[in-house]
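**Q** Basically this note's numbering = 1-based index in the first sequence + 4.
Ideal Cβ placement from N, Cα and C applies to all residues, glycine included.
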Amino acid sequence: MPELPEVETTRRGIAPHARKRRVTKLTVYEPRLRWPVARELPRLVAGRRIERIGRRAKYLLIGLQGGGTLLIHLGMSGNLRAVPAGTPRLKHDHFDLLLDSGVALRFNDPRRFGSLLYATGDPGLHPLLKDLAPEPLSPAFSDEYLWRVTRGRRVSIKSLLMNSHLVVGVGNIYASEALFRARIRPRRQARALKRAEVGCLVRAVRTVLKLAIRAGGTTLRDYRGADGAPGYFRQRLYVYERKGQPCRRCRTAVRMLTQGQRSTYYCPSCQS
DNA sequence: ACGCCCTCCTGTTGGC
DNA sequence: TGCCAACAGGAGGGCG
Numbered sequence: 005m006p007e008l009p010e011v012e013t014t015r016r017g018i019a020p021h022a023r024k025r026r027v028t029k030l031t032v033y034e035p036r037l038r039w040p041v042a043r044e045l046p047r048l049v050a051g052r053r054i055e056r057i058g059r060r061a062k063y064l065l066i067g068l069q070g071g072g073t074l075l076i077h078l079g080m081s082g083n084l085r086a087v088p089a090g091t092p093r094l095k096h097d098h099f100d101l102l103l104d105s106g107v108a109l110r111f112n113d114p115r116r117f118g119s120l121l122y123a124t125g126d127p128g129l130h131p132l133l134k135d136l137a138p139e140p141l142s143p144a145f146s147d148e149y150l151w152r153v154t155r156g157r158r159v160s161i162k163s164l165l166m167n168s169h170l171v172v173g174v175g176n177i178y179a180s181e182a183l184f185r186a187r188i189r190p191r192r193q194a195r196a197l198k199r200a201e202v203g204c205l206v207r208a209v210r211t212v213l214k215l216a217i218r219a220g221g222t223t224l225r226d227y228r229g230a231d232g233a234p235g236y237f238r239q240r241l242y243v244y245e246r247k248g249q250p251c252r253r254c255r256t257a258v259r260m261l262t263q264g265q266r267s268t269y270y271c272p273s274c275q276s
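#1: Would you kindly report the start and end of the unbroken alpha helix (DSSP H) that includes G17?
#2: Quick check on this structure: which residue in F117, L102, A61 has the alpha carbon closest to the alpha carbon of K134?
#3: Taking all protein chains shown into account, do 16 or more other C-beta atoms lie within 10 angstroms of the C-beta of T268, making it buried, or fewer, making it exposed?
#4: Hey, how far is the Cα of D97 from the Cα of R23?
#5: A137 and L165 look like a contact to me (Cβ under 8 Å); what is the Cβ gap, rounded to whole Å?
#6: Going by DSSP, what residue range makes up the alpha helix (DSSP H) through E139?
#7: Are at least three pairs of beta-carbons, each pair with one atom in the stretch 99–111 and one in the stretch 76–91, less than 8 Å apart?
#8: Just tell me which of T154, L213, V27 has its CA closest to the CA of A179.
#9: Note down, in chain order, each residue of its chain lying with its Cβ closer than 6 Å to the Cβ of P290, except the 5 sequence neighbours on either side.
#10: Can you find the residues in the same chain that come closer than 6 Å, C-beta to C-beta, to A257, ignoring five residues on each side of it along the sequence?
#11: Can you list, in chain order, the residues of its chain with a C-beta nearer than 7 Å to that of G175? Leave out the 5 residues immediately preceding and following it.
#12: Please name the residue in R25, R199, A123 whose C-alpha comes closest to that of T154.
#13: Shortest alpha-carbon distance to G72 belongs to which of L101, R53, R26, A123?
#14: Hey, out of T211, A182, L205, L215, whose CA is closest to Y149's CA?
Here is the structure:
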């Protein structure tokens, strides 16, 4: 589920609840997530004020008074929602961050690919964050940057878009959508892209992520924002999960192929 | 360094 | 209807 737009939507939904609040208690019901939740985390965060609620790539960052930061990753099927304290726990609810306002930030993740980590000091120096590519909505993600990292790469451009050491925030949905918008076939080798195509792709990535954020993300199955509402970008998808259906630009049937064990969708007529 | 493939986990879907 | 394989939004890690 959650690619950058969904994580950003979650961040925006959580922020009004979390800002300036104190963490009353962290309750971990199921520590067996993608990375085991540190046993000492509850006593480490209890009583501390939340000073900042940020995002880096697909990680939510909850900055605490005194310098530490909670890192929350939603994995494939995770949600973080603001619920009233005492709301009955459902299956796959793995932790509650209870706030002094009586709101709990509740993490639900059926597949348990998500994570709850803690960084001391600068979260950007955490091992899982330190080698991430620039933010796609920042100036650092420039034509020049993508041109440089695509040079000499034999990997397909679609797989490259999903490599978080080169591009962050773009997952399986938005990789297909960005390539459609840039009119580039997903199987092209990254190194074969022309300069103009790279520029077009940078703009396409930015545009699709911004539009999806504006729509509250894409809900295919599980995804819900912090208030429980689905995202509405699904109805704006051009190719993703539209195999066999007419391309919304030219009416040619959308095709599906497999790259790196992931499904890719494209229009054989619009994209070359 | 690079690129490919496997893995973690549960739930849903589609084919027989 | 039931069973089982395939597949699902991420991404670290191991291997050649």
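**A** On the basis of the data shown:
#1: Here residue 17 corresponds to residue number 13 of the first sequence, with the count starting at 1. DSSP places G17 in the uninterrupted alpha helix (DSSP H) bounded by 8–22.
#2: Translated into the one-based positions of the first sequence, residue 134 becomes position 130. When each option's Cα is compared against that of K134, the closest is A61.
#3: On the first sequence, residue 268 is found 264 positions in, with the first residue counted as 1. That one is buried.
#4: Within the first sequence, the letter at position 93 stands for residue 97. Within the first sequence, the letter at position 19 stands for residue 23. One C-alpha to the other measures close to 23 Å.
#5: Numbered from 1 along the first sequence, position 133 holds the residue referred to as residue 137. Numbered from 1 along the first sequence, position 161 holds the residue referred to as residue 165. Their Cβ separation, rounded to whole angstroms, is 10 Å, which puts A137 and L165 out of contact at 8 Å.
#6: As a working mapping, residue 139 is identified with position 135 in the first sequence. Annotation: E139 is outside any alpha helix (DSSP H) and is labelled neither H nor E by DSSP.
#7: For the pair of segments examined, the stretch 99–111 was found to touch the stretch 76–91: the number of CB pairs separated by less than 8 Å reaches three.
#8: Position 175 of the first sequence, counted from the start, is the residue given in the question as residue 179. Of T154, L213, V27, the residue nearest in Cα terms is L213.
#9: Here the chain covers residues 5 to 276 and nothing more, so residue 290 does not appear.
#10: By 1-based counting over the first sequence, the position of residue 257 is 253. Closer than 6 Å at Cβ, skipping near neighbours: G248.
#11: Start at 1 with the first residue of the first sequence, and residue 175 comes out as number 171. If we look at G175 and ignore the five residues flanking it on each side, its Cβ neighbours are E7, M166.
#12: Start at 1 with the first residue of the first sequence, and residue 154 comes out as number 150. Restricting attention to R25, R199, A123, the CA atom closest to the CA of T154 is found in R199.
#13: The sequence position of residue 72 within the first sequence is 68, counting from 1. For G72, the nearest C-alpha among the options comes from A123.
#14: Along the first sequence, one-based indexing puts residue 149 at 145. Of the listed residues, the one whose Cα sits closest to Y149 is L205.
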